[in-house]
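**Q**
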């Protein structure tokens, strides 16, 4: 079994998966519990990270 961990740069295509993860109860308990995430909020918050990474 490969025990290496790899990371990929966040891309817009990951936003729906990120939304699903952020709204999962065991994650929401610890990560922005007071925010009801929507696709629009995800895009607003994380689009700038993507743009900065690409330049």
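Numbering (the UniProt record's numbering), first residue to last: 1 to 55.
Built from N, CA and C at the ideal position, the CB exists for glycine as well.
#1: May I have the straight-line CA-CA distance separating residue 26 from residue 20, to the nearest angstrom?
#2: From the DSSP output, in three-state form, read off residue 19 for me.
#3: The alpha helix (DSSP H) spanning residue 28 covers which residue range?
#4: Relative to the C-alpha of residue 36, which residue among 46, 47, 22 is closest?
**A** Let's see:
#1: The alpha-carbon of residue 26 is positioned some 12 Å away from that of residue 20.
#2: DSSP places residue 19 within a helical segment (H, G or I) once states are collapsed to three.
#3: 25-28
#4: Sorting 46, 47, 22 by C-alpha distance to the C-alpha of residue 36 places 22 at the top.
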